[in-house]
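Residue numbers for the sequence shown, in our numbering: -2 to 317.
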Amino acid sequence: MDAPNQNSFPRPRIGSERTLNRMAEKRADKDWVAERLGRETSRFLLLTDLSLAVDSNTDKSETNLRWHTRKEIEKLTADIDTAYLLGCDADDRAVFAVSLSPAQAVAAPGGIDALKPLVDLRSLAMQEALSPEDLSLAAVGRALAAWHATTKCCGRCGGHTRSRDAGWRRKCWACGQEFFPRADPAIIVLITDGERCLLGHHKRYAHKFYSTLAGFVEPGEDIEACVRREMREETGITIGEVTYMASQPWPFPHLLMVGCWAEALTTELTLEEEELHDARWFTRDDVLQMMAGEHPEGFSVPGNHSIAHSLIMSFVEKDK
Ligand SMILES: [Zn+2]
């Protein structure tokens, strides 16, 4: 199997931001963080129950994340010391995210209405409304906010944990156990027999929507073994060569999607119907019609926010 050249692989929109300096070496420097928290040029992203406020023009053709100043954040009663440092942008402005719980949002001046319109990041990604930079920053902020929301207690002794290192570590006050935000690896796979690719329709998908197949990497398993196991379980296909193409952070809540091409050694399908409602082989012409919204049966594929789209696009463009 000849997989496409990795250098020409189309980049997905989430995770394509390359101008953010994450400033990992400064996170534990309390003086540096305090000074950046106080600077007028620093920008703050507010997450309310993991959703984001946006500003759109009147015909909604343009949407931007709503960035706040420190003064605005303090007015909304958010505790500035709980801000997470996302990094510094290309203009050396520090970028922070602050998370409000639903109770804090209701208690804010003007109530939750003052924070609206609140939009889920997945919807924003699917609408392709934000710039790749804003989308990627929001993805880091959301992943961190979700991690803090579920790591408040120590998994070892049950004590309370407290945020450290500008939001990149939590420490148990009782036993000293430390916790760090993780990314869980998952595989996402373009299976091909050379002429066709295999796309599936999951029960949770919109009607007539088909995408590449995915699964979680288990402890003790490498990427290639995971691809072969998951694809055999879901479709009955025996996989030969597996080629890594690219990866994408997927902050729902904290996955790292590892995108691969996989060679199908067999083509007969035996579907795991509990999860996968349907899977079919599609030719390049089929996929082009699906991408253009012109497929005769009304089938569609993911938009360009996702690595699924990049994998499907790389199949369409291969050997063109
Ligand atoms: Zn503990």
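All C-beta atoms, glycine included, are put in the ideal place defined by N, C-alpha and C.
Just so we're clear, the structure is a prediction, and the values are computed from it rather than from any experiment.
Since I believe residue j is in contact with residue i (beta carbons under 8 Å), could you give me their beta-carbon distance rounded to a whole number of angstroms?
i, j, result
"H198", "H274", "5 Å"
"G84", "R179", "With a Cβ gap of about 18 Å, G84 and R179 do not count as contacting."
"A183", "F213", "5 Å"
"T189", "A261", "6 Å"
"T16", "A87", "4 Å"
"F41", "V95", "6 Å"
"P1", "S311", "5 Å"
"L308", "L187", "4 Å"
"R153", "Q174", "5 Å"
"R63", "D52", "5 Å"
"A135", "L112", "At roughly 15 Å, the Cβ-Cβ gap does not stay under 8 Å, so A135 and L112 are not in contact."
"I304", "M228", "With 8 Å as the limit, I304 and M228 do not qualify as a contact, their Cβ atoms being about 17 Å apart."
"L268", "A163", "Rounded, the Cβ-Cβ distance is 46 Å, inconsistent with contact."
"L141", "T60", "The Cβ separation is near 22 Å, so there is no contact."
"T263", "T280", "About 18 Å; that fails the 8 Å criterion."
"A289", "L196", "Incorrect: roughly 16 Å between the Cβ atoms, too far for contact."
"G256", "Q245", "7 Å"
From the DSSP secondary-structure annotation, give me the bridge partner or partners of residue i.
i, result
"K168", "R159 and E175"
"R277", "L196"
"N61", "D52"
"F206", "S297"
"G84", "V92"
"C150", "H157"
"L112", "L112 pairs with nothing; no bridge assigned."
How far does the alpha helix (DSSP H) with residue i in it reach, from first residue to last?
i, result
"V137", "P129 to T147"
"M20", "Where M20 is concerned, there is no enclosing alpha helix (DSSP H), given that its DSSP letter is neither H nor E."
"I184", "Note, I184: premise wrong, no alpha helix (DSSP H); beta strand (DSSP E) at D181 to T189."
"C223", "I220 to T232"
"R67", "R67 to K72"
Would you mind reading off the limits of the beta strand (DSSP E) that contains residue i?
i, result
"E260", "L252 to A261"
"A94", "A91 to L97"
"T240", "I236 to W247"
"V51", "S48 to S53"
"R40", "R40 to T45"
"A211", "L210 to F213"
"L118", "Not the beta strand (DSSP E): L118 falls in the alpha helix (DSSP H), residues L118 to Q124."
"L268", "No beta strand (DSSP E) holds L268; DSSP gives it neither H nor E."
In three-state terms, what does DSSP make of residue i?
i, result
"G35", "helix"
"V30", "helix"
"T79", "helix"
"L308", "helix"
"S303", "coil"
"D(-1)", "coil"
"A364", "No answer is possible for residue 364: the residues shown for the chain start at -2 and end at 317."
"D283", "helix"
"E272", "coil"
"E291", "coil"
### Message
Closer than 8 Å is the cut-off here; do at least three beta carbon pairs connect the stretch 40 to 57 with the stretch 101 to 119?
### Response
In short, these stretches touch, since the Cβ pair count reaches three.
### Query
Should the stretch 211 to 226 be regarded as contacting the stretch 234 to 248, the criterion being three or more beta carbon pairs within less than 8 Å?
With a cut-off of 8 Å, the stretch 234 to 248 and the stretch 211 to 226 count as touching, because enough Cβ pairs lie within range.
### Query
How about the stretch 126 to 134 and the stretch 72 to 82: do they share at least three Cβ pairs that are nearer than 8 Å?
Too few Cβ pairs lie closer than 8 Å, so no.
### Message
Taking 8 Å as the cut-off, does the stretch 201 to 208 touch the stretch 298 to 307 (at least 3 CB pairs, one atom from each stretch)?
### Response
With a cut-off of 8 Å, the stretch 201 to 208 and the stretch 298 to 307 count as touching, because enough Cβ pairs lie within range.
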